[in-house]
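J.: Could you have a look at this structure, given as structure tokens, before my questions?
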Amino acid sequence: MHASPALAALVLIVEDEAEIADILAAYLEREGLRTLRAADGQIALDMHRSMRPDLVLLDVQLPRLDGWSVLTQLRQRGETPVIMLTALDQDLDKLTALRMGADDYVVKPFNPAEVAARVRAVLRRTLRSSRADAPSALRVGPLLIDTATHAVHVEGDGYSHELLLTLTEFKLLHCMALAPSRIFSRSELMHECLPESEALERTVDSHVSKLRRKLDEVGLTQIPASVRGVGYRLMADR
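Heads up, the sequence shown is in the working numbering, so the first residue is 254 and it goes up one at a time.
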């Protein structure tokens, strides 16, 4: 598995054939990527909105909403990279996919190792362009998070208060701040913030509780927010 210094990229696999989805997930996870699965187009759109994946592997033939309809709505929302999957090896479909904004196109039956390589290539290209000029300081609302010094300040009108966080608390805050309205499961946060730990996932609850208490002391209440039965997110969409 490839080591990742930052939050491992999240790939949403939209495929109604469970066996194919299982194979794709296995190959992508072997590459060090995280995966989600959706078995129909509507679920895919719902998961895209809540989980904010870094890339979508999108089958054309889907229940409820087909891949073309999903791609159209994804492009209305933004620029999440999309690789189309289809059983139809027709040039017209390939051109349609590219003209509608797909980043790549794979024809079934495919070699899953090749699909994983294409996912990696698209992610390298898109993440490099989006992060090339990223500053070391990350601002989310009143929070200013400095990744170079691990300092966190809460800023307002005429004041700046530094939060004294443990390394784990800082990692949790920074991880969620990268996508502040996305929901993170406990296992994701364990993987990113406590990768060497053999503790149970509930250990995350303890660290989040301590982080929340420190934020509450400076007037930032109820963040990170708990999402019942799922995990945590830094803050809801405003």
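Where a beta carbon is used, it is the ideal one built from N, C-alpha and C, also for glycine. Nothing here was measured: the structure is a model prediction, and the numbers come from that model.
With M443 as the anchor, note down where its alpha helix (DSSP H) starts and where it stops.
T.: 439-446 is the span of the alpha helix (DSSP H), which, as asked, contains M443.
J.: Could you give the residue range of the beta strand (DSSP E) that holds M337?
T.: Its beta strand (DSSP E) spans residues 335-339.
J.: For the putative contact between V309 and L327, defined by C-beta atoms under 8 angstroms, what is the C-beta separation to the nearest angstrom?
T.: About 7 angstroms; that satisfies the 8 angstroms criterion.
J.: Within 10 angstroms of the Cβ of L298, are there 16 or more other Cβ atoms? Answer buried if so, exposed if not.
T.: Buried is the call here.
J.: Considering L289, what are the terminal residues of the beta strand (DSSP E) in which it resides?
T.: Looking at the DSSP string, the run of the beta strand (DSSP E) that includes L289 is 287-291.
J.: Just the C-alpha distance for A478 and S303, rounded to the nearest angstrom, thanks.
T.: Looking at the two C-alpha atoms, the distance is approximately 14 angstroms.
J.: Is S257 helix, strand or coil by DSSP?
T.: Bear in mind that the predicted position of S257 carries a pLDDT of just 40, short of 50, making it unreliable; the figure below should be weighed with that in mind. Three-state result, S257: coil.
J.: Specify the secondary structure class of E272 as computed by DSSP and reduced to three states.
T.: Of the three classes helix, strand and coil, the one that applies to E272 here is helix, per DSSP.
J.: Residues in its own chain within less than 8 angstroms of M353 by CB, not counting five upstream and five downstream?
T.: Cβ neighbours of M353 beyond the five flanking positions: W321, L324, T325, R328.
J.: Going by DSSP in three states, R302 sits in which element: helix, strand or coil?
T.: Helix, per DSSP.
J.: Inspect the CB distances between the stretch 390-401 and the stretch 353-370 and report whether three or more fall short of 8 angstroms.
T.: Touching, no, given that fewer than three Cβ pairs across the two stretches are closer than 8 angstroms.
J.: Tell me which same chain residues have a C-beta within less than 7 angstroms of the C-beta of D356, skipping the five on either side of it?
T.: Only P334, V335, I336, V375 meet the Cβ criterion.
J.: Under three-state DSSP, which class holds A370?
T.: Here A370 sits in helix by DSSP.
J.: Assuming contact is defined by CB atoms lying nearer than 8 angstroms, are R465 and E454 in contact in what I supplied?
T.: Taking 8 angstroms as the Cβ cut-off, R465 and E454 do not qualify as a contacting pair.
J.: Assuming contact is defined by CB atoms lying nearer than 8 angstroms, are K467 and L418 in contact in what I supplied?
T.: It is a contact, given that the beta carbons lie within the stated cut-off.
J.: Just tell me which of H301, A350, E332 has its CA closest to the CA of V313.
T.: Among H301, A350, E332, the Cα nearest to that of V313 is on A350.
J.: Restricting to Cα atoms, I'd like to know which of S413, H444, H460, P316 is closest to G472.
T.: Residue S413 is the option with its Cα nearest to G472.
J.: Would T265 pass as a contact of A291 if the rule is Cβ separation under 8 angstroms?
T.: It should be pointed out that residue 265 corresponds to Leu in this sequence rather than to Thr. For L265 and A291, yes; Cβs fall inside 8 angstroms.
J.: Relative to the C-alpha of H403, which residue among D410, V267, L426, P306 is closest?
T.: The candidate whose alpha carbon is nearest that of H403 is L426.
J.: Are L277 and E268 touching if we call contact CB-CB under 8 angstroms?
T.: Contact flag set, yes.
J.: Here's a check: name, in chain order, each residue in its chain whose Cβ is nearer than 7 angstroms to the Cβ of P306, leaving out the five neighbours to either side.
T.: Here the set comprises L263, V264, L265, L289, T333.
J.: Below 8 angstroms CB to CB, which residues in the same chain sit around D319 once its five sequence neighbours on both sides are set aside?
T.: Here the set comprises G294, V313.
J.: What residue range does the alpha helix (DSSP H) around L311 cover?
T.: From DSSP, L311 is part of no alpha helix (DSSP H) but of the beta strand (DSSP E) over 308-312.
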